[in-house]
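Numbering (the numbering used here), first residue to last: 116 to 450. Using N, Cα and C, we set each Cβ at its ideal position, and we do this for glycine too. These numbers come from a predicted model, not from an experiment. Take a look at the structure below.
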Ligand code: TRH
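In structure tokens:
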């Protein structure tokens with residue numbers, strides 16, 4: 116089957132990063148895929164391989180579409196593409212953001228009739244990624260489990276030219292600039308720690324026990340392996356948040372802030388689902404935090420909990436499987 120993915124980069128890298136993983140994995144499972152994207156620059160360092168990447172269509176362009184069209188994260192298709200949808204009647208999927216909130220189960224799979232514009236009368240279908248069997252699930256590459264099991268952190272650090280000092284804790288940091296970085300540095304100062312910092316953050320001077328290592332942008336594959344190799348991962352947005360869960364290591368989430376503070380309900384929904392005490396998570400997401408307690412994140416019980424959570428997610432739905440099942444079942448015209 117042929118899939119046409121449409122992605123507009125709102126800001127940051129999550130939309131592009133997720134669409135790239137999705138396109139790559141559909142391809143890996145034998146599907147034919149093209150990714151239309153308005154800003155392909157982040158894909159260069161994420162490393163798209165030989166995927167078919169196309170520029171965002173102009174207003175009146177009517178591309179020949181695949182049997183499935185994915186409109187990612189409310190990116191609103193240009194009028195010409197909407198006309199093409201009305202004429203070609205693909206399975207048209209409105210792919211939404213990940214959340215653990217209750218509305219996701221209610222809304223996953225619902226029809227979304229197009230009420231105006233050139234595709235008026237067509238019906239899209241809502242697809243919600245999520246954590247339970249009643250959602251679209253999480254994207255997990257078919258090869259991920261074998262690669263994760265075969266991974267050697269020691270070998271990977273050597274390969275990257277980043278060997279750790281003996282006894283040093285390894286912590287990755289990918290966060291938004293408003294994160295309470297002084298509190299983080301203070302929280303890590305109780306034991307020798309290397310803080311591996313992704314681009315985009317300016318850190319204050321580090322205390323003696325904390326060794327800061329600035330990273331370049333890594334390919335998605337290397338970024339995943341960074342998370343597999345660290346003792347604690349500080350991740351953000353949605354895609355790295357999911358990757359931290361597949362890493363099976365303790366992690367702390369810097370959630371993407373929304374103007375109406377809706378992100379706090381989203382954060383709490385995840386914590387409730389996981390049964391996690393919110394103190395450190397709330398503190399990390401408060402820009403003026405001065406007291407961040409992270410000692411428990413390095414305890415064996417927290418490591419065991421991260422692995423148990425990973426196991427639980429492994430038994431849940433996988434997003435690409437869900438999409439392929441939809442495509443097989445609902446592949447007929449939707450207009
Ligand atoms: O960049 P983000 O903050 O993206 C955000 C969120 O997805 C947010 O929910 C969304 O609304 C907004 O974009 C528009 O964080 P995220 O989701 O983790 O995406 C980062 C991507 O970059 C992810 O695919 C991992 C990838 N990445 C690398 O490939 N190499 C790297 O070195 C790093 C740091 C990230």
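- Judged by pairs of C-beta atoms under 8 Å, the region 223-239 does not touch the region 150-159, as fewer than three such pairs exist.
- The residue among 287, 259, 300 and 297 with its C-alpha nearest the C-alpha of residue 313 is 287.
- Taking non-hydrogen atoms of ligand 1 into account, the C-beta of residue 333 is found less than 7 Å away from one of them.
- Per DSSP, residue 240 is one residue of the beta strand (DSSP E) stretching across 238-242.
- Residue 147 is bridged by DSSP to 117.
- At least one heavy atom of ligand 1 lies less than 7 Å from the C-beta of residue 161.
- Counting only residues of its own chain and dropping the five nearest sequence neighbours on each side, residue 129 has a CB closer than 7 Å to the CB of 352, 353 and 354.
- The three-state reading of DSSP puts residue 122 in strand, counting E and B together.
- In the DSSP assignment, residue 188 falls outside any beta strand (DSSP E) and carries neither an H nor an E.
- Per DSSP, reduced to three states, the secondary structure at residue 325 is strand.
- Pairing residue 181 with residue 205 gives a Cβ-Cβ distance under 8 Å.
- With respect to the C-alpha of residue 185, the residue from 162, 137 and 267 having the closest C-alpha is 137.
- Going by beta carbons, residue 409 and residue 396 fall outside the 8 Å limit.
- Bounds of any alpha helix (DSSP H) do not take in residue 166, whose DSSP letter is neither H nor E.
- Taking 8 Å as the cut-off, the Cβ atoms of residue 298 and residue 404 count as close.
- For residue 243, the shortest C-beta to heavy atom distance toward ligand 1 is 7 Å or greater.
- Proximity of the beta carbon of residue 276 to ligand 1 is not indicated: no heavy atom of the ligand is located closer than 7 Å.
- Following the DSSP letters along the chain, one finds residue 360 inside the alpha helix (DSSP H) bounded by residues 354-362.
- The region 365-379 and the region 415-425 touch, with three or more beta-carbon pairs separated by less than 8 Å.
- 8 Å or more divides the Cβ of residue 432 from the Cβ of residue 315.
- The beta carbons of residue 191 and residue 243 sit no closer together than 8 Å.
- Just so you know, the alpha carbons of residue 144 and residue 414 end up roughly 39 Å apart.
- Residue 391 sits in coil when the DSSP states are folded into three classes, being neither helix nor strand.
- According to DSSP, residue pairing for residue 208 in a beta bridge involves 185 and 240.
- Contact check for residue 360 against residue 273 fails: the beta carbons are separated by 8 Å or more.
- A straight-line Cα-Cα distance of about 16 Å links residue 209 and residue 231.
- Ranked by Cα distance from residue 406, the options 196, 390, 294 and 151 are led by 294.
- In this structure residue 303 is not in contact with residue 328, their Cβ atoms being roughly 13 Å apart against a cut-off of 8 Å.
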